[in-house]
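Structure first, commentary second.
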Amino acid sequence: MVTPKLQQLRRTNSIATKTAPLSNQQSNEEQEQLIPSNIMFNRRVVRGNTYSAQILPGDMPMVSKTLSKKTLKLKQSVPPPKTPDPVDGRRHIELQTDSYLEQLTDTVAEAEMSTQTDPFRDRPSTPLFIPAKAGLDATTQIEAGDLFDFDFEVEPLLEVLVGKCLEQGLMEVMEEEELAAMRAHQQHYEQVKATELASVQRLEAAELRKQEEKARRLEQARARATAETHLREKVAAATFARGYIKGVWSPLDLSYPMEL
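The sequence shown lines up with residues 14 to 273 when you count with my numbering.
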């Protein structure tokens, strides 16, 4: 376990080693003449386990006091660090950077004064922008009748305008009447077409019925003719057979009639 004295000794040794070049500046020749030494034989190096208790010699407090005095002298001889000088055009001022405000003890001379300001005035309106003249101004006088007489020359213009408006209105009315007549004619045509189509369909149906009736009648006539032909053939065959048999059996003088 490291004791407080040993910690203080190490701290003073580190400070002494760091500040030694400032207090004792040796030349390169003197540094070259120094004899190298082994740090294993240096009394300031702690040997053994650093976690175990260290037994310090009796003269250690004197060495510590001597080193602390030297360190104090070195600290006093070295000027404290300061803020670097400001760059050109700037300056350093003292500011309060603490977390809380501190009361300033320096009393500043104060004085009270009063003054009266003028009442606020309304802002004047912005003047209109008038561009600068680029040329010369010229004037002329126009007498009555120099240019034209409105009452006299406006009549033909009005006649043309009114006539054109009336013509346009008449054309629109005629166009509407023509469209109405075309729609009426189209409706009449559709009605006539529907009527004629219905009559044509009725005629086609009647003709179809007639054709069917004609075909049926022809079929019946053919069937009747075929039946009559078969009947004639049968009658002729029976007549021939009766005559033939009568000629064969006539010598026998049969007393009973022959039935076929």
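Heads up, the beta-carbon is just placed ideally off N, CA and C, and yes, glycines get one too.
Small disclaimer: the values here were computed from a predicted structure and weren't measured.
Quiz item: Is H105 helix, strand or coil by DSSP?
Solution: Taking the first residue of the sequence shown as 1, we reach residue 105 at position 92. It is coil, neither helix nor strand.
Quiz prompt | Pairwise C-alpha distance: K86 and N51 | solution = Numbered from its first residue, the sequence shown carries residue 51 at position 38. Numbered from its first residue, the sequence shown carries residue 86 at position 73. The C-alpha of K86 is placed about 29 Å away from the C-alpha of N51.
Quiz item: Would P99 pass as a contact of H105 if the rule is Cβ separation under 7 Å?
Solution: Working through the sequence shown from its first residue, we reach residue 99 at position 86. Working through the sequence shown from its first residue, we reach residue 105 at position 92. With respect to H105, P99 sits close: the two C-beta atoms are nearer than 7 Å.
Quiz item: Could you check where the alpha helix (DSSP H) with Q154 kicks off and where it finishes?
Solution: As a working mapping, residue 154 is identified with position 141 in the sequence shown. Per DSSP, Q154 belongs to no alpha helix (DSSP H) and is neither H nor E.
Quiz prompt | CA-to-CA distance, E191 to Q200, given in whole angstroms | solution = Locating residue 200 in the sequence shown gives position 187, counting from the first residue. Locating residue 191 in the sequence shown gives position 178, counting from the first residue. Between the C-alpha atoms of Q200 and E191 there is a straight-line separation of about 14 Å.
Quiz item: Span of the alpha helix (DSSP H) holding M187?
Solution: Position 174 of the sequence shown, counted from the start, is the residue given in the question as residue 187. From DSSP, the alpha helix (DSSP H) with M187 extends over F163 to W262.
Quiz item: Which same chain residues, not among the five before or five after L210, have their C-beta less than 6 Å away from its C-beta?
Solution: Position 197 of the sequence shown, counted from the first residue, corresponds to residue 210. Sequence-distant partners of L210 (beyond 5 residues in either direction) whose C-beta falls short of 6 Å from its own C-beta are missing from its chain.
Self-check item: Straight-line Cα distance separating V167 from G158
Solution: In the sequence shown, residue 158 corresponds to position 145, counting from 1. In the sequence shown, residue 167 corresponds to position 154, counting from 1. Distance between the alpha carbons of G158 and V167: 14 Å.
Quiz item: Helix, strand or coil: how does DSSP classify F133 here?
Solution: Working through the sequence shown from its first residue, we reach residue 133 at position 120. F133 carries a coil assignment under DSSP once its states are collapsed to helix, strand and coil.
Quiz item: In three-state DSSP terms, what is S138?
Solution: Residue 138 sits at position 125 when you count from the first residue of the sequence shown. Reduced to three states, the DSSP call for S138 is coil.
Quiz item: Which value, in whole angstroms, describes the spacing of the CA atoms of F54 and V91?
Solution: The sequence position of residue 54 within the sequence shown is 41, counting from 1. The sequence position of residue 91 within the sequence shown is 78, counting from 1. Rounded to the nearest angstrom, the two C-alpha atoms are 32 Å apart.
Practice problem: Quick one: grab the DSSP three-state call for K86. | Solution: Within the sequence shown, the letter at position 73 stands for residue 86. In the structure shown, K86 sits in a helix (DSSP, three-state: H, G or I).
Quiz item: Mapping DSSP to helix, strand and coil, what is M53?
Solution: The residue you call residue 53 lines up with position 40 of the sequence shown. Helix at M53.
Quiz item: Helix, strand or coil: how does DSSP classify S81 here?
Solution: As a working note, residue 81 is residue 68 in the sequence shown. The answer is helix: DSSP assigns S81 an H, G or I state.
Practice problem: Give the straight-line distance between the Cα atoms of Q204 and M195, rounded to the nearest whole angstrom. | Solution: Taking the sequence shown and counting its residues from 1, the one referred to as residue 204 is at position 191. Taking the sequence shown and counting its residues from 1, the one referred to as residue 195 is at position 182. C-alpha separation (whole angstroms): 14 Å.
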